[in-house]
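Student: Just so you know, my numbering puts the end of the sequence shown at 244, numbered straight through with nothing missing.
My structure is below; once you've seen it, I'll send some questions.
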Amino acid sequence: MQRKRKTSLRNQDKTGARPVVQPAPAEAKRSAEVERKTRETSVAVALKLDGTGRGEARTGVPFLDHMLESFARHGFFDLKVEAKGDLHVDDHHTVEDVGMVLGRAFREALGDRAGIKRFGEATVPLDEAVCTAIVDLSGRAYLGYNVPISQERVGNFQTALVHDFMKALTDEVGMNLHLNLASGRNPHHIIEATFKALARAMDHATGREPRLSGVLSTKGTLS
Numbered sequence: 022m023q024r025k026r027k028t029s030l031r032n033q034d035k036t037g038a039r040p041v042v043q044p045a046p047a048e049a050k051r052s053a054e055v056e057r058k059t060r061e062t063s064v065a066v067a068l069k070l071d072g073t074g075r076g077e078a079r080t081g082v083p084f085l086d087h088m089l090e091s092f093a094r095h096g097f098f099d100l101k102v103e104a105k106g107d108l109h110v111d112d113h114h115t116v117e118d119v120g121m122v123l124g125r126a127f128r129e130a131l132g133d134r135a136g137i138k139r140f141g142e143a144t145v146p147l148d149e150a151v152c153t154a155i156v157d158l159s160g161r162a163y164l165g166y167n168v169p170i171s172q173e174r175v176g177n178f179q180t181a182l183v184h185d186f187m188k189a190l191t192d193e194v195g196m197n198l199h200l201n202l203a204s205g206r207n208p209h210h211i212i213e214a215t216f217k218a219l220a221r222a223m224d225h226a227t228g229r230e231p232r233l234s235g236v237l238s239t240k241g242t243l244s
């Protein structure tokens, strides 16, 4: 008498068909390298969101280098920025374009923004200066800039360029950013507290949320 062969059910459902295995969704790289070249500037940015705070900036604008390295350190981002610009004309093109390319690097590193916390808020003091940064990585660009600085310059750096940098960054990331200065007298302290607050807020907003599947939006998208 011939024995009936037993059929394994481990890879079958109740209908006898093999289940379709869905591939796991691809995770965002959480790192990016972006370059942009124009007749005015050449900017290259390498960014790693899950870094240790290593920053290296060579833009030809020393004060901007200082702020970028502080931003990397306090946001725990690994960041490398190299820029060459028409500094014989003005610092404006270089500062604005660095903000633009850094923003593109964040946008690329975040991918579709699935699994991130999306919101971040931080208040940072530096002696008499206190600044708050509030971030929403919503995919929509809006900058609320309330950082009044009465002095025109810090050394050779034009303080008005901070606003231009933040606007370029905000537009390219696609985020809501509100910067509010509570107090401050020294322009160096004010600007540094602003960059540090932004770094802490961005660190939280870009961080992974283990309880989340997909994007943190009832619309199902942050683009």
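Just so you know, even glycine gets a beta-carbon here, dropped at the ideal spot from N, CA and C.
Check whether the region 114-127 touches the region 87-106, counting contact only when three or more Cβ pairs, one atom from each stretch, lie closer than 8 Å.
Tutor: The region 114-127 vs the region 87-106: in contact.
Student: At what residue ranges does the region 186-240 contain a whole run of the beta strand (DSSP E), taking only runs of 3 or more?
Tutor: Qualifying beta strand (DSSP E) stretches, in chain order: 197-204.
Student: Let me confirm a value: N177 is counted as buried when at least 16 other C-beta atoms fall within 10 Å, else exposed. Which label applies?
Tutor: Per the 10 Å Cβ criterion, exposed.
Student: Distance check for A189 and A45, CA to CA, integer angstroms please.
Tutor: At A45, the pLDDT of 42 sits below 50, so the modelled position is not reliable and the matter cannot be decided from this model.
Student: Near V151, which residues of its chain fall below 8 Å by C-beta distance, leaving aside the five closest residues on each side in sequence?
Tutor: Contacts found: T144, V145, L202, A203, S204, G205 and A214.
Student: Check D112 in the structure and name its three-state DSSP category.
Tutor: Coil, per DSSP.
Student: Nearest by alpha-carbon distance to G236: which of P208, G160 and T180 is it?
Tutor: Residue identity differs from the one stated: residue 236 is Val in this sequence, not Gly. Of the candidates P208, G160 and T180, the one whose C-alpha sits nearest the C-alpha of V236 is G160.
Student: Taking just the CA atoms, how far does V66 sit from R79?
Tutor: Taking the straight line from one Cα to the other gives about 11 Å.
Student: To the nearest angstrom, how far is the alpha carbon of P169 from that of G124?
Tutor: Taking the straight line from one Cα to the other gives about 23 Å.
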